[in-house]
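Residue numbers for the sequence shown, in the working numbering: 354 to 658.
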Amino acid sequence: MTSSPDLASLYQLLAKEQRPILPSGERRAILGCGYVGEAVAKAWRQEGHELWGTTTRHERLANLAEIVDTPVVFDSTDPRSSLKFAGSLDGILASFAPSKASQVDVNQYRETFLGGLQMLAEALQQRPRQTPLQLVHLSSCGVYGNRHGALTDETVRVDSLHPVNEVLAMAEDMVQSLRSESVNVCILRLGGIYGPGRDIPAMLLSAAGSVVQRNGQNVPCWIHRDDIVRGVSFAFEHNLNDTYNLVNDTQYTGQELTDRLCEQAGLPLAKWLTTDTTDRVLNARVSNAKLKQLGFTLTQPSMVG
Ligand SMILES: NC(=O)c1ccc[n+]([C@@H]2O[C@H](COP(=O)([O-])OP(=O)(O)OC[C@H]3O[C@@H](n4cnc5c(N)ncnc54)[C@H](OP(=O)(O)O)[C@@H]3O)[C@@H](O)[C@H]2O)c1
Numbered sequence: 354m355t356s357s358p359d360l361a362s363l364y365q366l367l368a369k370e371q372r373p374i375l376p377s378g379e380r381r382a383i384l385g386c387g388y389v390g391e392a393v394a395k396a397w398r399q400e401g402h403e404l405w406g407t408t409t410r411h412e413r414l415a416n417l418a419e420i421v422d423t424p425v426v427f428d429s430t431d432p433r434s435s436l437k438f439a440g441s442l443d444g445i446l447a448s449f450a451p452s453k454a455s456q457v458d459v460n461q462y463r464e465t466f467l468g469g470l471q472m473l474a475e476a477l478q479q480r481p482r483q484t485p486l487q488l489v490h491l492s493s494c495g496v497y498g499n500r501h502g503a504l505t506d507e508t509v510r511v512d513s514l515h516p517v518n519e520v521l522a523m524a525e526d527m528v529q530s531l532r533s534e535s536v537n538v539c540i541l542r543l544g545g546i547y548g549p550g551r552d553i554p555a556m557l558l559s560a561a562g563s564v565v566q567r568n569g570q571n572v573p574c575w576i577h578r579d580d581i582v583r584g585v586s587f588a589f590e591h592n593l594n595d596t597y598n599l600v601n602d603t604q605y606t607g608q609e610l611t612d613r614l615c616e617q618a619g620l621p622l623a624k625w626l627t628t629d630t631t632d633r634v635l636n637a638r639v640s641n642a643k644l645k646q647l648g649f650t651l652t653q654p655s656m657v658g
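Next comes the structure, spelled out in structure tokens:
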């Protein structure tokens with residue numbers, strides 16, 4: 354069957370357009386166009402939405418202009434920054450994170466997350482009350498802390514003993530407080546992110562035959578970037594208004610995961626330490642059942658095989 358001439362010429366027209374904004378498209382922003390934010394921007398652009406995207410760096414604006422319609426400099430630690438543009442949008446993804454320091458610094462976490470969400474709250478106060486908004490905030494399964502490998506779903510109380518987890522939990526609370534009759538708030542707690550350019554399996558394999566200076570008895574959790582993009586889209590399509598773990602199916606300890614990767618590659622096993630070398634530990638078999646029960650599926654359910 355051939356397309357009707359009208360449809361064919363519409364497709365041609367859309368293909369010529371660099372950023373086709375479809376009539377069905379929404380006005381959406383990605384706060385923090387980093388590793389995940391950029392991938393979401395590309396997917397949303399394909400869906401025909403009009404996009405705003407932020408970076409902290411002026412020098413990234415030109416590059417960002419290739420994937421969003423309106424690139425904006427936004428730095429939550431800079432009081433001159435503003436999210437005023439967010440007042441008129443249909444959807445917002447909060448995917449900013451402190452990315453400047455190589456070490457986790459609790460003050461930087463506090464300033465970045467809490468400062469940024471405060472700015473977002475102020476911008477949203479300017480919105481007409483009845484205007485619908487879907488907000489998705491990317492949090493971390495790190496908030497569960499050390500549960501000694503126990504099965505962990507969203508009903509479990511988060512760890513607020515470690516100061517970093519306390520900040521992440523406060524950030525979740527701030528986002529939740531933005532919920533209203535017209536504002537849906539979805540929190541996606543992510544596992545450690547891997548994907549193109551963040552090749553965690555290759556990194557683990559590079560330890561074959563040597564000693565990894567981390568506790569291999571802890572159970573971390575993982576999620577491929579493609580599945581984060583799909584999870585964010587799923588949240589928007591289903592108007593999600595709750596908290597969900599977004600992790601893959603793997604619930605191996607660090608040692609078990611590297612053993613399987615090494616066996617698969619025919620390499621000697623790596624040894625891991627059996628005691629913690631850091632005070633911030635995630636050790637939990639994090640369940641993704643709640644999101645799956647809604648019909649969400651993973652394209653990368655496991656790092657192995
Ligand atoms: N990485 C993980 O394994 C992991 C695990 C669980 C959850 N998460 C969460 O997943 C989300 C996405 O992570 P990602 O790996 O894509 O992060 P990323 O690549 O480090 O990108 C972070 C983005 O935030 C921006 N940013 C940094 N400091 C900022 C500030 N003070 N104010 C405003 N924006 C700021 C960065 O700006 P520039 O464009 O200038 O760099 C960048 O666009 C984050 O919310 C993170 O907390 C990540």
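Built from N, CA and C at the ideal position, the CB exists for glycine as well.
Judged by beta-carbon spacing, residue 569 lies beyond the 8 Å limit of residue 603, meaning their Cβ atoms are not closer than that value. Ranked by Cα distance from residue 473, the first of 529, 507 and 503 is 529.
Comparing alpha-carbon positions, the option among 504, 578 and 595 lying closest to residue 572 turns out to be 504.
Per DSSP, the continuous beta strand (DSSP E) segment holding residue 408 begins and ends at 403-408. Contact between residue 541 and residue 588 holds, with the beta-carbon distance rounding to 7 Å and staying under 8 Å. Pairing residue 426 with residue 517 gives a Cβ-Cβ distance that is not under 8 Å.
Cβ neighbours of residue 531 within its own chain (closer than 7 Å, five residues either side excluded): 474, 477, 488 and 538. With 16 or more other CB atoms across the displayed protein chains lying within 10 angstroms of its CB, residue 498 is buried. Closer than 7 Å to some heavy atom of ligand 1: that does not describe the Cβ of residue 624.
The C-alpha of residue 583 is placed about 12 Å away from the C-alpha of residue 648. Shortest Cα-Cα distance from residue 544 to any of 608, 638 and 397 involves 638. In the DSSP assignment, residue 575 forms a beta bridge with 545. Residue range 564-568 is occupied by the beta strand (DSSP E) that includes residue 566. Runs of the alpha helix (DSSP H) lying entirely within the region 472-542, each at least 4 residues long, are 516-529 in chain order. Contact between the region 622-633 and the region 546-555 is absent: fewer than 3 CB-CB pairs across the two stretches fall below 8 Å. Within the same chain, 389 come within 6 Å of residue 581 by CB-CB distance, once the 5 residues on both sides are set aside. Look at residue 581 here: in three-state DSSP terms it is helix.
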